[in-house]
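A.B. asks: Protein chains in written order, with the working numbering: chain A, 127 to 809; chain B, 127 to 809.
Here a beta-carbon is modelled for each residue, glycine too, at the ideal position from N, C-alpha and C.
Just so you know, these numbers come straight off a predicted model, no measurement behind them.
Quick one: the structure is below, and I'll ask about it shortly.
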């Protein structure tokens with residue numbers, strides 16, 4: 127082996143960009159931070175930050191007072207705020223602030239967790255593998271060891287214990303969580319100021335979003351005193367070191383060059399074209415009447431938001447310099463694998479993945495078009511048709527959505543009331559069927575089966591106007607009455623029966639020929655990478671607690687340099703400069719904010735941009751200074767950052783946070799809750 | 127001929143984008159405006175707008191009060207403001223406002239002109255061409271006719287009369303101008319607020335520039351009462367029709383596809399690489415000391431500004447959709463030419479131009495590198511060496527810069543004092559020589575002659591440190607003493623003697639083989655275009671008065687929609703959000719503006735974006751509403767607009783104006799000149 131470990135470590139450096147990484151708390155990049163920012167952090171700092179960090183369902187938050195106040199984003203707390211609203215009290219629209227503790231509103235079912243213990247069980251798990259075991263037996267032995275250790279830890283601590291696999295099997299951990307089940311809503315601004323700028327400003331900076339909400343954890347009916355909390359600090363300035371603690375969800379940074387090139391050249395352009403087609407169908411429909419325009423506007427905005435995301439992914443992959451870095455990293459790993467017999471299992475993995483990419487490409491149209499074609503009622507029909515059949519099978523053989531883990535949600539979706547607008551759905555369904563016809567051709571068995579030689583529009587309109595499945599009561603009836611379902615001649619049920627087999631076949635082919643290969647060989651490459659670079663690299667995001675570091679910083683954009691901070695003055699500039707009518711009122715101010723500029727300290731920083739490496743799941747993460755004081759609340763990234771799903775680049779990618787000072791000023795001056803501001807400021 | 131005129135007119139429409147065009151006042155697009163905006167403008171409107179328009183040297187302005195106040199940009203008035211400043215009174219830095227008329231400061235030499243008469247002499251000029259005349263004789267007959275008519279008009283009116291050739295010979299006009307020679311400075315804000323955001327924000331939007339200055343025209347010692355003026359109006363809102371009257375300088379929109387593709391694929395990347403090389407040399411030099419950093423910072427900023435411009439040109443040409451439109455327009459014109467025997471002279475012109483493009487490409491390195499290589503003293507030396515020789519020749523045979531029209535300026539440049547920093551110049555010159563060596567190779571005769579086998583750095587340092595030409599007195603001495611010049615052994619003079627012949631040869635080759643072809647065949651294509659489309663098209667910009675129309679409008683950028691207006695609140699947001707230290711203080715506020723936010727009406731619109739088709743020379747142009755009231759003062763465009771040198775696209779290109787309301791509010795609240803605000807508001 128010609129590569130020494132030291133040489134490889136040096137080789138690893140160029141791939142890690144300044145401020146890159148979603149690091150585990152056992153492997154915090156303290157040396158990198160010290161080298162880059164001249165700041166030395168210690169274990170006590172890390173422990174306090176970890177213990178103050180809170181996980182929300184799908185997102186992050188933190189304890190911010192000795193009396194259990196929890197800070198997260200408005201968009202993270204949104205469903206809880208919605209849940210405790212009523213017809214008279216629309217807290218989403220009007221905002222909410224508890225002036226006394228007895229006004230705080232319990233959110234039934236909301237559960238938060240804190241990471242209180244981390245145990246490395248890698249050695250024990252690997253010890254379960256005995257010499258001579260087959261690969262399958264080894265995998266099973268490891269799984270069993272993890273299960274046993276998890277159970278033992280759970281019994282010992284009485285805590286929730288989750289196994290965590292890092293570096294795709296390079297390390298095994300048990301994370302122990304304290305659960306918080308009495309969570310009460312304390313304060314939230316109006317959604318219109320939390321999400322100021324709406325979908326157009328989403329994923330962009332400069333930004334003016336007061337995207338926060340406050341909850342309080344109670345224990346035994348009393349405010350909970352957390353093991354650690356983050357007091358609000360005096361604020362940051364450009365260039366200051368900041369750290370973020372939160373739960374990044376998932377990244378695709380370990381994909382091979384073949385996978386990324388496929389995403390760039392085929393998959394993303396294909397998805398974008400498909401979305402643009404749906405958008406055009408919706409725009410055409412919107413032109414038919416004022417009511418049609420109103421009904422379709424949310425769907426159109428949602429689609430445009432998704433288009434923006436996908437175009438962001440694509441733009442990032444088209445960055446030639448970044449792509450060259452990705453290629454270089456792959457070449458280096460290939461060279462290391464070629465020279466180390468211990469890494470032999472990964473030797474053929476690039477080729478295996480490339481072959482699976484070719485298959486994915488060949489299957490792309492079928493895996494994309496053989497589905498419910500944007501018809502919500504057809505989706506319901508398909509679930510109804512499949513349910514009895516799936517429930518007969520053993521768990522392991524069922525389609526994913528009928529697993530025990532997903533079954534409840536699948537059934538709930540079926541009976542949940544949702545608006546059904548026949549004309550809108552017919553327009554979308556017809557566009558979807560037309561796309562399948564154009565893409566697969568009229569001789570394709572699926573197309574022939576669904577259209578039966580008729581025009582897509584005709585089929586769509588007949589089915590949508592003929593079905594009763596737009597009514598949740600009807601869906602409930604068929605769900606509960608298998609005989610009625612079996613006898614049903616509802617046109618959507620008829621279509622679902624035709625679709626079922628085609629869709630199963632396409633899914634199975636993709637799972638067997640593509641996904642299974644990616645999983646197996648992606649795992650081998652990950653293990654090789656871990657063998658070569660070890661913990662000089664951070665593991666893929668796994669929605670477990672991670673640490674990021676960086677600086678408050680503007681960036682080059684729009685021909686100039688974007689300001690690192692916005693201020694309350696900027697909020698009003700944007701509102702007045704856009705006008706209340708622009709883009710469906712995206713920049714309209716809620717009533718009590720309209721004149722508040724006369725009272726607010728307009729110099730107060732509002733949002734700021736910073737170079738930490740974050741991704742979905744980091745919403746609501748605390749941003750702290752080197753003293754561990756809360757200076758910001760992460761809520762989004764700039765448009766350049768969309769592509770950090772694939773790679774990170776500190777030159778232009780920025781996370782975006784609400785400045786802590788804006789939260790205090792808003793609580794004091796607009797939301798009429800100076801007491802809360804005092805609690806946050808630790809006074 | 128299969129194309130009917132009506133069909134061609136229809137065919138012409140798609141090439142003209144909404145709001146496109148720099149229209150002559152005799153051919154104002156009133157029907158297009160009425161169709162697009164439902165607003166009917168009449169001849170009186172046009173006459174008043176034209177008579178209120180003023181031409182500054184290289185730029186535009188307008189009469190804005192009955193007492194002869196003239197409004198233009200700060201950057202247009204800058205040299206005049208500089209001229210009347212003194213050591214005690216730095217009006218550039220501190221701003222200026224005359225509180226009474228006797229405080230208004232005369233600017234010696236400043237001359238403004240107003241277009242008071244337009245005479246179409248096309249028929250008379252064409253009548254001078256007799257049947258059977260050769261092409262040369264016809265050209266001469268036309269030129270003589272223009273001269274005679276100009277002289278007669280001048281004698282008749284006593285006015286300045288300029289001949290104007292439109293549509294490259296499609297039309298001939300005489301434009302008669304009234305001259306204003308007593309022009310006094312009335313008010314100007316601090317440059318730091320006029321050019322807030324500095325070079326970084328230059329060519330961008332959102333913008334916060336108070337880029338205005340006020341002058342007053344006097345006649346016989348009394349304020350002049352102009353024939354027309356534009357009173358300040360109540361302001362515009364998004365979507366409102368606006369019109370602009372000014373003097374766009376030059377466009378390249380009639381270039382052929384071959385020329386544009388050459389600019390996109392070869393010339394612009396080449397120039398950008400060359401500038402980046404110079405920038406790198408300057409950055410390296412800047413690292414050598416604090417003084418070096420200080421000395422080079424202006425040059426670096428200037429280079430970066432130019433880089434931004436060139437990258438803008440390039441980005442525009444890389445817009446595939448726009449390029450396809452340009453190709454389509456060329457194909458359509460080719461089809462029309464192919465079918466009309468009367469247009470036969472243009473038939474071979476595309477091929478002739480394409481051949482010349484190949485030559486330009488082949489010559490690119492030599493025409494670029496065989497010059498004075500960024501050395502100002504070598505440039506002075508070359509002028510000195512050439513002057514005696516050139517003055518012996520008849521006017522027509524001289525190099526352009528020694529023509530009667532340019533000779534005075536050429537000599538003035540020679541003796542004008544300018545800072546000479548030997549180390550800075552040596553660094554730039556060395557980089558320039560190195561570029562020539564790398565590009566042409568060490569065997570190239572020019573490289574051999576200049577370097578004599580030595581390293582570029584050695585040659586540059588010896589020449590720069592050995593020359594006395596950094597001193598204007600020495601240049602004056604050699605200019606006035608031909609014998610001393612002939613005997614000089616100054617190292618830069620020696621280099622200039624070597625350079626002279628190579629440079630002349632390269633210039634001549636480019637002029638004969640490239641420029642002459644472009645002129646001749648570009649003219650033929652222009653005449654064909656005029657024959658086919660007539661005045662449905664606007665003529666190329668010629669720095670004569672033009673009318674543009676459009677609407678106040680945001681545009682998609684940065685992942686969202688840019689606000690059409692900024693406000694005074696935005697000025698402070700930008701200043702506070704960037705910080706006073708960022709980018710050499712680009713966003714620092716002048717002292718009296720720092721606290722002014724407490725007095726200013728922050729809701730006041732500051733700058734706005736609008737879709738009129740403008741280009742360099744339009745600086746200072748009045749922007750008026752449909753009532754002919756002044757609502758804005760044009761000063762720049764957004765980054766997307768840089769490429770409108772080649773084509774126009776109303777989807778993203780925006781001109782940028784100071785809002786008239788910002789000027790009034792600034793005069794009243796910060797500049798202490800409420801009287802002027804009252805005069806502008808017509809009160």
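In the stretch 326-397 of chain A, which residue ranges form an unbroken beta strand (DSSP E) of at least 3 residues, counting only runs that do not cross its ends?
C.D. replies: Segments of the beta strand (DSSP E) lying fully in the stretch 326-397 of chain A: 339-345, 367-372.
A.B. asks: For residue 805/A, would you say it is in contact with chain B, using Cβ-to-Cβ distances shorter than 8 Å as the test?
C.D. replies: With 8 Å as the cut-off, residue 805/A does not count as an interface residue toward chain B.
A.B. asks: Which residues bound the alpha helix (DSSP H) around residue 273/B?
C.D. replies: Counting along the chain, the alpha helix (DSSP H) containing residue 273/B begins and ends at 261-283.
A.B. asks: Could you list the residues in the stretch 422-434 of chain A with a C-beta less than 9 Å from some C-beta on chain B, going in chain order?
C.D. replies: Answer in chain order: 434.
A.B. asks: So which residues of chain B does residue 689/A contact, with C-beta pairs closer than 7 Å?
C.D. replies: The contacting residues are 700, 703, 704.
A.B. asks: Could you compute how far the alpha carbon of residue 417/B sits from the alpha carbon of residue 587/B?
C.D. replies: When rounded, the distance between both Cα atoms is 18 Å.
A.B. asks: In terms of DSSP beta bridges, what is residue 244/A paired with?
C.D. replies: Beta-bridge pairing links residue 244/A to 301/A.
A.B. asks: For residue 130/B, name the three-state secondary structure that DSSP assigns.
C.D. replies: Low local confidence applies: a pLDDT of 37 at residue 130/B is under 50, so the model's placement there is unreliable, with the coordinate-based value given in what follows. Three-state DSSP puts residue 130/B in coil, outside helix and strand.
A.B. asks: Do residue 762/A and residue 146/A have their CB atoms nearer than 8 Å?
C.D. replies: No, they are not a contact pair.
A.B. asks: Three or more beta-carbon pairs under 8 Å between the stretch 366-381 of chain A and the stretch 262-278 of chain A, yes or no?
C.D. replies: As far as the Cβ criterion goes, the stretch 366-381 of chain A does not touch the stretch 262-278 of chain A, which means the pair count is below three.
A.B. asks: Does DSSP put residue 411/A in a helix, a strand or coil?
C.D. replies: If DSSP states are grouped into helix, strand and coil, residue 411/A belongs with the helices.
A.B. asks: For chain B, find out if any of its Cβ atoms is closer than 8 Å to the Cβ of residue 329/A; answer yes or no.
C.D. replies: Yes, its Cβ sits closer than 8 Å to a Cβ of chain B.
A.B. asks: Give, in chain order, every residue of the stretch 705-728 of chain B whose Cβ lies closer than 9 Å to some Cβ of chain A.
C.D. replies: Answer in chain order: 705, 707, 708, 709, 712, 713, 723, 728.
A.B. asks: Decide if residue 270/B is buried, meaning its Cβ has at least 16 other Cβ atoms within 10 Å, or exposed.
C.D. replies: Answer is exposed; the Cβ neighbour count stays below 16.
A.B. asks: My understanding is that residue 807/B touches residue 315/B, with C-beta atoms under 8 Å, so please give their C-beta distance in whole angstroms.
C.D. replies: Their Cβ separation, rounded to whole angstroms, is 18 Å, which puts residue 807/B and residue 315/B out of contact at 8 Å.
A.B. asks: By the 10 Å Cβ neighbour count, where 16 or more other Cβ atoms means buried, how is residue 798/A classified, buried or exposed?
C.D. replies: Classification of residue 798/A: exposed, given that the 10 Å Cβ count is below 16.
A.B. asks: Below 8 Å on the Cβ atoms is my contact criterion, and I expect residue 247/B with residue 286/B to pass it. Report the Cβ-Cβ distance as a whole number of Å.
C.D. replies: Rounded, the Cβ-Cβ distance is 16 Å, inconsistent with contact.
A.B. asks: Can you check the stretch 451-523 of chain A for any alpha helix (DSSP H) of at least 4 residues that lies completely inside it and give the ranges in chain order?
C.D. replies: Correct list: 475-495, 502-518.
A.B. asks: Let me know the secondary structure DSSP gives residue 183/B once reduced to three states.
C.D. replies: In this structure, residue 183/B counts as coil in the three-state DSSP scheme.
A.B. asks: Buried or exposed: residue 332/A, going by 16 or more other Cβ atoms within 10 Å of its Cβ?
C.D. replies: So residue 332/A counts as buried.
A.B. asks: So, with DSSP's three-state summary, where would you put residue 73/A?
C.D. replies: Only positions 127 to 809 of chain A appear in the structure, and residue 73/A is not among them; the question remains open.
A.B. asks: State the Cα-Cα distance for the pair residue 481/B and residue 192/B, rounded to the nearest angstrom.
C.D. replies: Going from the Cα of residue 481/B to the Cα of residue 192/B covers about 56 Å.
A.B. asks: Locate the alpha helix (DSSP H) running through residue 629/B, then write down its first and last residues.
C.D. replies: Its alpha helix (DSSP H) spans residues 617-636.
A.B. asks: Between which two residues does the alpha helix (DSSP H) harbouring residue 760/B extend?
C.D. replies: Segment 756-763 is the beta strand (DSSP E) holding residue 760/B; no alpha helix (DSSP H) there.
A.B. asks: Counting only Cβ-Cβ distances shorter than 8 Å, please list the residues of the stretch 313-327 of chain B near chain A, keeping chain order.
C.D. replies: Here the close residues are 323, 326, 327.
A.B. asks: Using beta carbons (cut-off 8 Å, strictly below), is residue 741/B in contact with chain A?
C.D. replies: Output row for residue 741/B: interface = no.
A.B. asks: Using a Cβ cut-off of 8 Å (strictly closer), state whether residue 69/B contacts chain A.
C.D. replies: With chain B running from 127 to 809 in the structure shown, residue 69/B is simply not present.
A.B. asks: How many Å lie between residue 318/A and residue 752/A at the Cα?
C.D. replies: Near 33 Å, if we compare the C-alpha coordinates of residue 752/A and residue 318/A.
A.B. asks: Given residue 221/B, which residues of its chain have a CB within under 7 Å of its CB, disregarding the five upstream and five downstream residues?
C.D. replies: Contacts found: 314, 315, 316, 797.
A.B. asks: Kindly indicate the opening and closing residues of the beta strand (DSSP E) around residue 595/A.
C.D. replies: Element bounds for residue 595/A: n/a, residue is neither H nor E.
A.B. asks: Please tell me whether residue 678/A and residue 376/A are closer than 8 Å, where the distance is taken between their beta carbons.
C.D. replies: Result no, Cβ atoms of residue 678/A and residue 376/A do not sit closer than 8 Å.
A.B. asks: Using the Cβ count rule (16 or more neighbours within 10 Å means buried), how would you classify residue 135/A?
C.D. replies: For residue 135/A, the pLDDT reaches just 37, beneath the cut-off of 50, and the residue's location in the model is therefore unreliable, although a value from the coordinates is still provided. Classification for residue 135/A: exposed.
A.B. asks: Could you check how far apart the C-beta atoms of residue 405/B and residue 429/B are, in whole angstroms? I think they sit under 8 Å.
C.D. replies: Between residue 429/B and residue 405/B the Cβ distance is about 5 Å, and since that is below 8 Å, they are a contact.
A.B. asks: I'd like to know if the stretch 724-734 of chain B and the stretch 665-675 of chain B are in contact, where contact means that at least 3 CB-CB pairs between them fall below 8 Å.
C.D. replies: Verdict: no, contact absent.
A.B. asks: For residue 383/B, which residues from the same chain have a beta carbon less than 7 Å from its beta carbon, with the 5 sequence-adjacent residues on both sides left out?
C.D. replies: If we look at residue 383/B and ignore the five residues flanking it on each side, its Cβ neighbours are 452, 453, 456.
A.B. asks: Listed in chain order, which residues of the stretch 227-241 of chain A have Cβ atoms closer than 9 Å to some Cβ of chain B?
C.D. replies: Here the close residues number zero.
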